[in-house]
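Taking it in order: structure first as structure tokens, then the write-up.
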Amino acid sequence: MDILSGLEQVILYGVLVLNAMLAVFVYRHNHKSATNIIFVFLSLTISLWLAMIRESGIPRTPDLVLNYTRLTVFLAVPQSVLFFLLAHTLPSEVILLRKKTRVLLLIATVLMMGFTLTPYVFKEVQIIGEHVKSVPGAGIPLFALFTCSFSIAAIYVLIKKIKRSKGNAKQQLSYMMRGIISMLGLIITTIMLPIILFQNQSFLPLSPLYALVFLGMTAYAIVKFQLFDLKTIATEVFTSALWIVLLAKAIVNESRVGTVIDLLAFLVAVGVGIFLIRSVRQEVRQREQLQKLTIELARANEQLKALDKARVEFISIASHQLRTPPSTIKWYTASLLGGDFGPISTKVRAALKRMQGTNNSMIALIDDLLNASRIERGKMEFLFESVNLLGLVRSTIDDLVPQAEDKNLSLVFIEPKTKIPNITADKQKIRQVVNNFIDNAIKYTKQGKITVELYTNKEEMIFKVTDAGKGIDLLQLHAIFDKYNRGRDSVTHATGLGLGLYVAKVIVEQHKGKIWAESTGLDKGSTFYFSLPLKSDLKSSGFWDLTEKKIKV
Ligand code: ADP
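The sequence shown begins at 114 in my numbering and counts up one residue at a time.
Rendered as structure tokens:
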């Protein structure tokens with residue numbers, strides 16, 4: 114055996130072993146995935162094919178050589194089909210061809226494989242000295258057409274998929290493509306060109322290595338993106354290497370005591386190794402599960418966000434529609450009470466007043482909904498102007514007196530002792546807050562007095578409403594301004610959505626003011642406050658958008 118043929122043998126066997134290892138590695142990685150299974154078959158077919166190529170080049174009896182030559186073409190058929198299948202499937206876990214197509218493909222492959230074994234593809238083999246010459250038959254173009262079509266189709270499919278895919282899938286496909294390009298590049302530059310230009314065949318023995326380049330890159334593409342498992346494999350390789358070394362040491366040890374000690378060491382290593390592999394596998398599984406959960410959580414979060422958006426939009430649309438009828442009722446009631454439709458009896462007036470009160474509550478409720486949805490969408494706008502808070506408070510009290518009288522409550526306004534200056538505020542919005550405080554005091558008080566105060570200190574103007582009502586549980590006090598927060602027994606006291614104070618808080622804070630509540634406990638009454646700065650830099654004609662926090666003039 115000359116050096117060259119020795120080298121050829123070493124390369125071939127080395128590649129066969131490495132191919133087998135790659136196949137096992139990829140299979141163990143995910144034996145349920147179609148991509149991995151096709152890879153395993155392709156790798157085995159390539160290995161057998163390489164071995165057959167070598168065997169067919171060795172001069173032996175013509176019959177034997179003919180058989181090896183036929184086996185080479187026989188294996189080239191499934192090889193090209195598997196190559197196409199891999200390109201078509203990667204990175205999917207299932208074959209993406211229809212059942213009918215799969216059956217047709219199988220039949221065509223089997224028929225073509227059978228055909229390669231007939232004299233139509235290779236007629237005979239002539240052995241001239243050291244050289245083996247195979248004589249092709251008339252059917253060889255059909256074989257060439259079959260294998261070339263599948264190889265070209267594979268590359269075509271791959272290019273098309275790379276263009277269409279994104280993210281990890283794109284990278285995986287690109288790795289496989291790079292594997293093919295590297296293999297073809299090496300074949301063309303080191304084998305085909307030297308043969309064509311210089312009749313030099315010295316690189317021919319390297320060809321198995323080129324197949325390994327392709328298989329290696331494709332295996333990497335498959336495995337790398339199936340995550341984490343590399344850690345398990347590294348642990349397994351390391352542990353088995355250790356076992357082999359220890360066992361070999363035990364076998365070659367010449368002293369009996371030495372062998373026993375080595376065997377014991379080997380057994381300990383096996384035990385520890387198994388434990389190690391198991392714990393690494395478990396860790397990997399947990400990480401995979403965690404990753405899966407994270408992805409699911411992110412997806413659920415997205416869905417929740419979409420649902421929340423739909424909810425906010427629905428509330429906004431619905432409340433807009435709901436607001437029109439009570440507004441019309443409000444307008445007509447005011448006209449009736451004002452005598453626009455002629456004189457009315459005391460009885461009718463009383464009924465109309467009641468109607469007005471209930472209708473106002475309904476309007477306030479819808480406004481709360483509208484405002485809350487505006488806040489959620491970041492669309493609440495503020496129109497700041499110079500406002501006389503005293504006038505505003507007086508007129509709101511006037512509106513609410515009938516409601517208080519209805520419940521036999523006395524609603525008292527303690528007039529300020531000092532002059533109340535104008536401040537910069539959004540008049541409508543502050544009216545809502547004032548209305549909400551007094552309205553709540555009436556709602557949550559069964560009997561007694563409600564006192565309303567307005568006063569200033571050096572820097573702020575303070576509005577205060579004190580009632581003798583149901584009071585606030587001390588544990589609830591901190592959450593009273595939260596969205597949809599209603600006291601546990603609020604349902605029995607009055608209708609509401611738990612939005613009024615939440616909206617009030619946002620409004621006051623957008624005015625750079627403060628809002629808070631005090632109560633000594635349940636049934637001990639409560640006091641609600643808000644304060645606004647006497648001097649503020651709020652632009653007097655700016656619209657504030659809560660999302661952008663900037664002025665739209
Ligand atoms: P709603 O009145 O529609 O429930 P609010 O946001 O105005 O919504 O009030 C939230 C909760 O705060 C009420 O459900 C109630 O439990 C409590 N609350 C508000 N004002 C008073 C008050 N004056 N006295 C006692 N509890 C109150």
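The C-beta atom is built at its ideal place from N, Cα and C for all residues, glycine as well.
Just reading off the alpha helix (DSSP H) that residue i is part of, what are its end residues?
{"i": "Ile628", "result": "Segment Lys627 to Ser632 is the beta strand (DSSP E) holding Ile628; no alpha helix (DSSP H) there."}
{"i": "Met475", "result": "Thr459 to Glu489"}
{"i": "Lys418", "result": "Arg369 to Leu450"}
{"i": "Lys145", "result": "Run containing Lys145: none; DSSP gives neither H nor E here."}
{"i": "Tyr642", "result": "It is not in any alpha helix (DSSP H) - Tyr642 instead sits in the beta strand (DSSP E) that spans Ser639 to Pro646."}
{"i": "Glu622", "result": "Gly613 to Gln623"}
{"i": "Phe235", "result": "Phe235 -> not in any alpha helix (DSSP H); beta strand (DSSP E) instead, spanning Phe235 to Ile241."}
{"i": "Val546", "result": "Lys540 to Lys556"}
{"i": "Glu494", "result": "Element bounds for Glu494: n/a, residue is neither H nor E."}
{"i": "Glu206", "result": "Where Glu206 is concerned, there is no enclosing alpha helix (DSSP H), given that its DSSP letter is neither H nor E."}
{"i": "Met289", "result": "Gly280 to Leu299"}
{"i": "Lys212", "result": "Lys212 to Thr229"}
{"i": "Ala334", "result": "Ser320 to Lys337"}
Under 6 Å Cβ to Cβ from residue i, same chain only, skipping five residues before and after it: list those, please.
{"i": "Lys362", "result": "Asp375"}
{"i": "Gly609", "result": "none"}
{"i": "Asn549", "result": "Gly613 and Ala617"}
{"i": "Thr372", "result": "Ala363 and Asn366"}
{"i": "Leu483", "result": "Ser432"}
{"i": "Gly561", "result": "Ala581"}
Report the rounded CA-to-CA distance for residue i versus residue j, giving the unit in angstroms.
{"i": "Asn132", "j": "Ser160", "result": "7 Å"}
{"i": "Ile208", "j": "Glu168", "result": "34 Å"}
{"i": "Glu367", "j": "Phe379", "result": "16 Å"}
{"i": "Val578", "j": "Phe495", "result": "24 Å"}
{"i": "Leu465", "j": "Trp444", "result": "12 Å"}
{"i": "Val442", "j": "Gln404", "result": "Position check: residue 442 holds Ile in this sequence, whereas Val was assumed. Taking the straight line joining both Cα atoms gives about 57 Å."}
{"i": "Pro534", "j": "Glu409", "result": "57 Å"}
{"i": "Phe643", "j": "Thr537", "result": "15 Å"}
{"i": "Lys596", "j": "Gly611", "result": "7 Å"}
{"i": "Leu450", "j": "Leu645", "result": "35 Å"}
{"i": "Gln516", "j": "Gly582", "result": "15 Å"}
{"i": "Asn143", "j": "Ala354", "result": "23 Å"}
{"i": "Leu255", "j": "Val186", "result": "12 Å"}
{"i": "Ala332", "j": "Arg141", "result": "12 Å"}
{"i": "Asn472", "j": "Glu489", "result": "26 Å"}
{"i": "Ser440", "j": "Ala447", "result": "11 Å"}
{"i": "Gln541", "j": "Arg277", "result": "55 Å"}
{"i": "Leu120", "j": "Met290", "result": "29 Å"}
{"i": "Tyr288", "j": "Arg599", "result": "60 Å"}
{"i": "Leu420", "j": "Gly386", "result": "50 Å"}
{"i": "Val137", "j": "Ala334", "result": "15 Å"}
{"i": "Lys236", "j": "Thr222", "result": "21 Å"}
{"i": "Leu219", "j": "Trp162", "result": "19 Å"}
{"i": "Glu401", "j": "Lys492", "result": "42 Å"}
{"i": "Glu426", "j": "Glu498", "result": "29 Å"}
{"i": "Leu502", "j": "Asp650", "result": "18 Å"}
{"i": "Asn180", "j": "Leu286", "result": "37 Å"}
{"i": "Ile628", "j": "Gln589", "result": "16 Å"}
Where do the N-terminal and C-terminal ends of the beta strand (DSSP E) with residue i fall, by residue?
{"i": "Ile527", "result": "Ser523 to Ile527"}
{"i": "Glu572", "result": "No beta strand (DSSP E) holds Glu572; DSSP gives it neither H nor E."}
{"i": "Pro249", "result": "His244 to Pro249"}
{"i": "Val186", "result": "From DSSP, Val186 is part of no beta strand (DSSP E) but of the alpha helix (DSSP H) over Pro175 to Thr202."}
Enumerate in chain order the residues of its own chain whose CB-to-CB distance from residue i is below 7 Å, with the five nearest sequence positions on each side excluded.
{"i": "Ile593", "result": "Ile585, Leu614 and Ala630"}
{"i": "Lys283", "result": "Ile275"}
{"i": "Ile555", "result": "Leu513, Gln516, Ala517, Lys520, Leu522 and Ile563"}
{"i": "Leu230", "result": "Arg183 and Phe187"}
{"i": "Lys394", "result": "Here residue 394 is Arg; the residue named in the question, Lys, does not match the sequence. Closer than 7 Å at the Cβ level, and outside the excluded window around Arg394, lie Thr345."}
{"i": "Leu157", "result": "Ala136"}
Looking only at its own chain, which residues have a Cβ that is under 8 Å from the Cβ of residue i, when we skip the five neighbours before and after it?
{"i": "Met296", "result": "Tyr323, Ala324, Val326 and Phe327"}
{"i": "Ile300", "result": "Ser320 and Tyr323"}
{"i": "Leu389", "result": "Thr348 and Thr352"}
Any heavy atom of the ligand ZN inside 8 Å of the beta-carbon of residue i?
{"i": "Thr633", "result": "Ligands in the displayed structure: the ligand ADP; the ligand ZN is not one of them."}
Practice prompt. Evaluate contact between the region 350-359 and the region 311-320, counting only Cβ atoms and requiring at least three cross-stretch pairs below 8 Å.
Written response: The region 350-359, when compared against the region 311-320, does not touch it at the 8 Å Cβ threshold.
Practice prompt. Flag this pair as touching only if the region 423-432 and the region 478-485 have three or more C-beta atom pairs under 8 Å; answer yes or no.
Written response: Yes, the region 423-432 touches the region 478-485.
Discussion item. Across the region 565-578 and the region 525-536, are there enough close Cβ pairs to call them in contact, namely three or more that are closer than 8 Å?
Written reply: Remark: three or more beta-carbon pairs, one from each stretch, lie closer than 8 Å, so the region 565-578 and the region 525-536 are flagged as touching.
Practice prompt. Inspect the CB distances between the region 169-187 and the region 147-159 and report whether three or more fall short of 8 Å.
Written response: Taking a contact to require three or more Cβ pairs closer than 8 Å, the region 169-187 and the region 147-159 do not qualify as touching.
Worksheet item: Between the region 242-254 and the region 202-222, do three or more beta carbon pairs fall short of 8 Å?
Response: The answer is no - the region 202-222 does not touch the region 242-254, with fewer than three Cβ pairs under 8 Å.
Discussion item. Does the region 134-149 come into contact with the region 306-314, if we say contact requires no fewer than three beta-carbon pairs (one atom in each stretch) closer than 8 Å?
Written reply: No, they do not touch.
Discussion item. Three Cβ pairs or more, each shorter than 8 Å: is that satisfied between the region 256-275 and the region 189-201?
Written reply: Flag = yes, the region 256-275 and the region 189-201 touch.
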